[in-house]
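Visitor: Quick one: the structure is below, questions incoming.
There are 2 protein chains.
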Amino acid sequence: MEFLHTEHVTTEHVSLEDIAARFMDSRVPEQMSSVDTYIDKFVKNVVVDSVHCNAPKMIGHMTMALPFFMRPLAKLVTAMHQNNVKTETGKTTTFMEREALAMLHRQLFQLGDPFYAEHSQSAAATLGLVCSGGTLANISAMWIARNALLRPTGDGSGKDAGNFGGVEKVGLVKAMKHYGFDDAKIIGTALLHYSMKKAADVLGLGTEGLLTVPFDNEYKVDLKLMEAEIVRCQAENIAIVSLVGVAGATETGSIDDLAGIAALAKKYKVHFHVDAAWGGPAIFSEIHSVKMMGIELADTVTLDGHKQLYTPMGVGLCFLRDPTNIRFVQKTANYIIRKESHDTGKFTMEGSRPASAVFLHANLKILGIEGYGALIDRSCRLVRIFADKIFASNTAELVVDPDTNIFLYRYVPRHLVEHQRAGTLDEANQVEIDALNVRLQTEQKARGETFVSRTTIWSPRYNRGIVALRVVIANPLTKESDIQLNVDAQLQIYSEFQEK
Amino acid sequence: MEFLHTEHVTTEHVSLEDIAARFMDSRVPEQMSSVDTYIDKFVKNVVVDSVHCNAPKMIGHMTMALPFFMRPLAKLVTAMHQNNVKTETGKTTTFMEREALAMLHRQLFQLGDPFYAEHSQSAAATLGLVCSGGTLANISAMWIARNALLRPTGDGSGKDAGNFGGVEKVGLVKAMKHYGFDDAKIIGTALLHYSMKKAADVLGLGTEGLLTVPFDNEYKVDLKLMEAEIVRCQAENIAIVSLVGVAGATETGSIDDLAGIAALAKKYKVHFHVDAAWGGPAIFSEIHSVKMMGIELADTVTLDGHKQLYTPMGVGLCFLRDPTNIRFVQKTANYIIRKESHDTGKFTMEGSRPASAVFLHANLKILGIEGYGALIDRSCRLVRIFADKIFASNTAELVVDPDTNIFLYRYVPRHLVEHQRAGTLDEANQVEIDALNVRLQTEQKARGETFVSRTTIWSPRYNRGIVALRVVIANPLTKESDIQLNVDAQLQIYSEFQEK
Chain A
1340 MEFLHTEHVT TEHVSLEDIA ARFMDSRVPE QMSSVDTYID KFVKNVVVDS
1390 VHCNAPKMIG HMTMALPFFM RPLAKLVTAM HQNNVKTETG KTTTFMEREA
1440 LAMLHRQLFQ LGDPFYAEHS QSAAATLGLV CSGGTLANIS AMWIARNALL
1490 RPTGDGSGKD AGNFGGVEKV GLVKAMKHYG FDDAKIIGTA LLHYSMKKAA
1540 DVLGLGTEGL LTVPFDNEYK VDLKLMEAEI VRCQAENIAI VSLVGVAGAT
1590 ETGSIDDLAG IAALAKKYKV HFHVDAAWGG PAIFSEIHSV KMMGIELADT
1640 VTLDGHKQLY TPMGVGLCFL RDPTNIRFVQ KTANYIIRKE SHDTGKFTME
1690 GSRPASAVFL HANLKILGIE GYGALIDRSC RLVRIFADKI FASNTAELVV
1740 DPDTNIFLYR YVPRHLVEHQ RAGTLDEANQ VEIDALNVRL QTEQKARGET
1790 FVSRTTIWSP RYNRGIVALR VVIANPLTKE SDIQLNVDAQ LQIYSEFQEK
Chain B
1340 MEFLHTEHVT TEHVSLEDIA ARFMDSRVPE QMSSVDTYID KFVKNVVVDS
1390 VHCNAPKMIG HMTMALPFFM RPLAKLVTAM HQNNVKTETG KTTTFMEREA
1440 LAMLHRQLFQ LGDPFYAEHS QSAAATLGLV CSGGTLANIS AMWIARNALL
1490 RPTGDGSGKD AGNFGGVEKV GLVKAMKHYG FDDAKIIGTA LLHYSMKKAA
1540 DVLGLGTEGL LTVPFDNEYK VDLKLMEAEI VRCQAENIAI VSLVGVAGAT
1590 ETGSIDDLAG IAALAKKYKV HFHVDAAWGG PAIFSEIHSV KMMGIELADT
1640 VTLDGHKQLY TPMGVGLCFL RDPTNIRFVQ KTANYIIRKE SHDTGKFTME
1690 GSRPASAVFL HANLKILGIE GYGALIDRSC RLVRIFADKI FASNTAELVV
1740 DPDTNIFLYR YVPRHLVEHQ RAGTLDEANQ VEIDALNVRL QTEQKARGET
1790 FVSRTTIWSP RYNRGIVALR VVIANPLTKE SDIQLNVDAQ LQIYSEFQEK
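Chains as they are written, first to last, in the working numbering: chain A, 1340 to 1839; chain B, 1340 to 1839.
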């Protein structure tokens, strides 16, 4: 696969419109045609101009080079064509998946041998769910939280108030009425991943069901304001579906005070979810795991295999500290996923799904704590080096100091550097700075050799949203020299812009 | 991959408990370890004892052998590691995915050149969604239907009744109140896939939000009873989220009268969804496409790539006849999936996801209408042959005559054959027949050479649920001789049981 071993992140000056023009044929061909012809065209039109997510100089996204053995394993998984919805089509891979879930559950919650002996392969409940991605993992966690809060009572038959069916059976309108709630909220900061918006909508809370409390200057939740909102909700008959802490926010990499949120959750008896899709694997690092303290108190946790657990796309993970809580969403059918079966389709929101847990299982067994820990430590060290180089240039302002391996900054035009340092930037200056950073990132992306991403982030310091460049390093192929080339490319474009 | 070329469906007498015992280690290893050792163990513990879904004599599930080029493509897709949530990580594969969606949309709805020129690559809307599976496709369809029904009005600002935010923003409780509904239902038959139970729960309708109307002796919806329920709901202020028709029910293969349901949907102005996850590809067959008449009138349609479109697992598809209806669920964020972008993450329930549409695109281009049509025709013919052989044995009763390529039947003990024909079976006889079929299928499965599946299905004839054996043929490797071997294996077990 030589065509993938490129030094560039993308092919130069190939626009999205150019590519769209290649795919405008909406007719299924009448006749069969040759595989060779198709593959030749595929390599030319799709592979060559794809985004080279393995490229060492691509340091702005959460996609990176994978261990080499993922490629042959992918071929094998496709050849086996197992469907993990049920053991009749996923006989070995079902149990392998559950072992992988047990390993990560133990790493997160450390509940001891008897607990894992009882639950890791039990047909009655599950330690977690393998989902297609982090979004479904978050939606699943909120689904469990909502259904547990508005749970059935008595025998759930619905025959009288003492035997109420719960939201799962009777729906949200009747369940809210039964429990006397006027409204329902999920509480976190504005740094919650946008999947929580999807969760709130899908689950019937509406996007206004996301109650966002401010974050502090370090982009972590303000616990006092969170507590004030909890108290207000409980006083006003507003159901709290979940408190959500972020461990490695997508935009900033910041990690909330998880132990602090856990204490609030315990005090007010509320579900506590941690979205650790990005930052979770820090639990493998001797240096960085301390930042995750409190995650072991969460009711549910999201991790992503395809981020810093280095699997291919399609491995979202939702963990349940108490495996029996799955009963609030469990479904069965006649022909498959019968109640007493080992079929995981009883538990997951999805039905038929691939045996993608194979990739996770392989990485856990082959890389181990040592390997994952080393990868995390290395990524964090490289981001620090990148940040130091940017500041040495005297042309940029820190936006988010890296908590782990995400770093946000912005270039400042030369004539505004003094104002920025003196804290005397006015609104017109801010607009100019934003425009510079948009132009700079667009130009770097178009040149295709290197890449960082870009976001608009709320700045507590300036009390406005600002454009920031965003560096994410988790690619084991990224070397210090690649970082230097990326910084050099940006400074070159910066200089060109200043001369015009 | 010689270890997969087996004549058996599973390895003989390896129980689920045997396999579970292999995966009881919940500790992540401390140290890194060898890839070779892992792969050796993987082949031994996982691959060899997996379910050989490619096996020609496995005719009881919806998994089957795939075109040979799927395996190298899978390796390539993993190597490219694209993330189709956004063009910055899925530059070519985003547009390729949209072309594949356009091809199938056109095959379903035939809306003409100008329509496809406008919509197939437009950033403003989408012809469909690639989901991880059919369950998410169904949930997505019901999500769109719910949000379209309880839609925003005016500018959606929520400032007054004329500018209502819609269920997406304000949630189900307030939206139902705003529109004056007391309850909400999805209407179909009890043959709806169990994913509709999940959809009803997740979306806040509750599983009681599924209103099932009876099916007739051919396992198709009774249209008169469906209309009566629509009229009743509308009279009682019950919102109808969707009418759902099934095109190839998972249990029976039966196809509802889609044109009939479409007429009701039009008459009563209700959303019409077709779950064609199994049967949809019949649209490629000159012989069988007539059974799908009316699907072109659906508002949303579910297809599954990994069923009769012959892709690997993980390709669910939800189509929208009107692509602009995606606006009712669309979400954006600051750092990605901006409103004006080509990022498909705006539209899908999922976020990060693999470029699995590559498999679908390849099959559509390589197999074409000719190839898919031939596969469908062949499968239907083989099922007919299987059914004929079973009846020739004079030991079985028809449960569902094959509409396409699913067939249900049950063995009858010799001493009850006369009673069955005379229609004089009593409850004790039914219990005995059920027990025979459970035992027979369990024994066949344990022997591992051949396989059919088993279900409990409501019988309108007997007015009770009965155990039935279920044959599904869609494997291009299955030959007439494999069918004979499967029938022979069953008759052998049947004889052994009769002699005891």
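Positions of the beta carbon are idealized from the N, C-alpha and C atoms, including for glycine.
With H, G and I counted as helix, E and B as strand and the rest as coil, what does DSSP make of Val-1756/B?
Guide: For Val-1756/B, the three-state secondary structure derived from DSSP is helix.
Visitor: Using a Cβ cut-off of 7 Å, which residues of the segment 1677 to 1695 of chain B contact any Cβ in chain A, in chain order?
Guide: His-1681, Met-1688, Glu-1689, Gly-1690, Ser-1691, Arg-1692 and Pro-1693
Visitor: For the pair the segment 1696 to 1704 of chain B and the segment 1512 to 1530 of chain B, tell me if three or more CB-CB distances fall below 8 Å.
Guide: no
Visitor: Do you know how far the Cα of Val-1810/B is from the Cα of Ile-1832/B?
Guide: Looking at the two C-alpha atoms, the distance is approximately 17 Å.
Visitor: How far does the alpha helix (DSSP H) with Cys-1572/A in it reach, from first residue to last?
Guide: 1562 to 1574
Visitor: Once DSSP output is grouped into helix, strand and coil, what is the label at Tyr-1533/B?
Guide: coil
Visitor: Taking only runs of the alpha helix (DSSP H) that begin and end inside the segment 1686 to 1750 of chain A, which ones reach a length of at least 4 residues, in chain order?
Guide: 1696 to 1731
Visitor: So which residues of chain B does Trp-1482/A contact, with C-beta pairs closer than 9 Å?
Guide: Asp-1540 and Val-1541
Visitor: To the nearest angstrom, how far is the alpha carbon of Thr-1349/B from that of Asn-1486/B?
Guide: 45 Å
Visitor: Just to make sure I have the definition right: I need the residues of chain B whose C-beta is within less than 8 Å of the C-beta of Ser-1372/A. Which are they?
Guide: Lys-1704, Ile-1705 and Gly-1707
Visitor: Which partner residues does Leu-1550/A have in the DSSP bridge list?
Guide: Ile-1526/A
Visitor: Does DSSP put Arg-1467/B in a helix, a strand or coil?
Guide: Here residue 1467/B turns out to be Gly, not Arg, going by the sequence shown. In this structure, Gly-1467/B counts as strand in the three-state DSSP scheme.
Visitor: Do you know offhand how far Leu-1530/A's Cα is from Phe-1520/B's?
Guide: 35 Å
Visitor: In its own chain, which residues sit with a C-beta less than 7 Å from the C-beta of Asn-1502/B, not counting the 5 before and 5 after it?
Guide: Thr-1492, Gly-1493, Asp-1494, Gly-1495 and Ser-1496
Visitor: Reducing DSSP to helix, strand and coil, say where Ile-1626/A ends up.
Guide: coil
Visitor: Does His-1612/A come out as helix, strand or coil in the three-state DSSP assignment?
Guide: strand
Visitor: Are there three or more Cβ pairs, one per stretch, closer than 8 Å when the segment 1749 to 1756 of chain A is compared with the segment 1766 to 1780 of chain A?
Guide: yes
Visitor: Evaluate the contact criterion for the segment 1469 to 1476 of chain B versus the segment 1687 to 1697 of chain A: three or more CB pairs, one atom per stretch, below 8 Å.
Guide: yes
Visitor: DSSP on Phe-1836/A, reduced to helix/strand/coil?
Guide: helix
Visitor: Which of the three DSSP states, helix, strand or coil, is assigned to Gly-1619/B?
Guide: DSSP places Gly-1619/B in helix when its eight states are reduced to three.
Visitor: Taking Cβ positions, are Leu-1544/B and Ile-1569/B nearer each other than 9 Å?
Guide: no
Visitor: Starting from the beta carbon of Lys-1537/B, find every residue of chain A whose beta carbon is closer than 7 Å, and list them in chain order.
Guide: Those are Lys-1670 and Met-1688, listed as they occur along chain A.
Visitor: State yes or no: is the beta carbon of Tyr-1518/A nearer than 9 Å to at least one beta carbon in chain B?
Guide: Taking Cβ atoms only, chain B never reaches closer than 9 Å to Tyr-1518/A, which makes this a no.
Visitor: Within 9 Å (strictly less), CB to CB, does Leu-1699/A reach chain B?
Guide: no
Visitor: With three or more beta-carbon pairs closer than 8 Å as the criterion, would you say the segment 1813 to 1823 of chain B touches the segment 1385 to 1400 of chain B?
Guide: Between the segment 1813 to 1823 of chain B and the segment 1385 to 1400 of chain B there are three or more C-beta pairs closer than 8 Å, enough to call the two in contact.
Visitor: If I'm right that Thr-1591/B touches His-1612/B with Cβ under 8 Å, what's the distance once you round it to whole angstroms?
Guide: About 19 Å separates the two Cβ atoms, so there is no contact after all.
Visitor: In whole angstroms, what is the alpha-carbon distance linking Ala-1694/B and Leu-1412/B?
Guide: Rounded to the nearest angstrom, the gap between the Cα atoms of Ala-1694/B and Leu-1412/B is 11 Å.
Visitor: Would you identify the three-state DSSP class for Leu-1443/A, choosing helix, strand or coil?
Guide: helix
Visitor: Terminal residues of the continuous alpha helix (DSSP H) containing Thr-1781/B?
Guide: 1766 to 1786
Visitor: Shorter than 8 Å, the distance from the beta carbon of Glu-1635/A to the closest heavy atom of the ligand FAD, or not?
Guide: Of ligands this structure carries none, so the ligand FAD is not represented either.
Visitor: Is the Cβ-Cβ distance between Val-1583/B and Met-1535/B less than 9 Å?
Guide: Result yes, Cβ atoms of Val-1583/B and Met-1535/B sit closer than 9 Å.
Visitor: Who are the neighbours of Ser-1496/B on chain A, taking C-beta pairs under 9 Å?
Guide: The contacting residues do not exist; Ser-1496/B stays about 12 Å from chain A at best.
Visitor: Determine the closest residue to Gly-1644/B out of Ile-1626/B, Leu-1443/B and Ile-1358/B, with distance taken between C-alpha atoms.
Guide: Leu-1443/B
Visitor: Excluding the 5 residues preceding and the 5 following Asn-1384/A in the sequence, name in chain order all residues of the same chain whose CB lies nearer than 6 Å to its CB.
Guide: Arg-1361
Visitor: What residues in its chain sit with their C-beta under 7 Å from that of Gly-1429/A, if we drop five residues either side in the sequence?
Guide: The beta carbon of Gly-1429/A sits closer than 7 Å to those of Gln-1421, Asn-1422, Asn-1423 and Ala-1694, all from its chain and outside the five residues before and after it, given in chain order.
Visitor: For His-1754/A and Val-1826/A, I'd like the C-alpha separation in whole angstroms.
Guide: 21 Å
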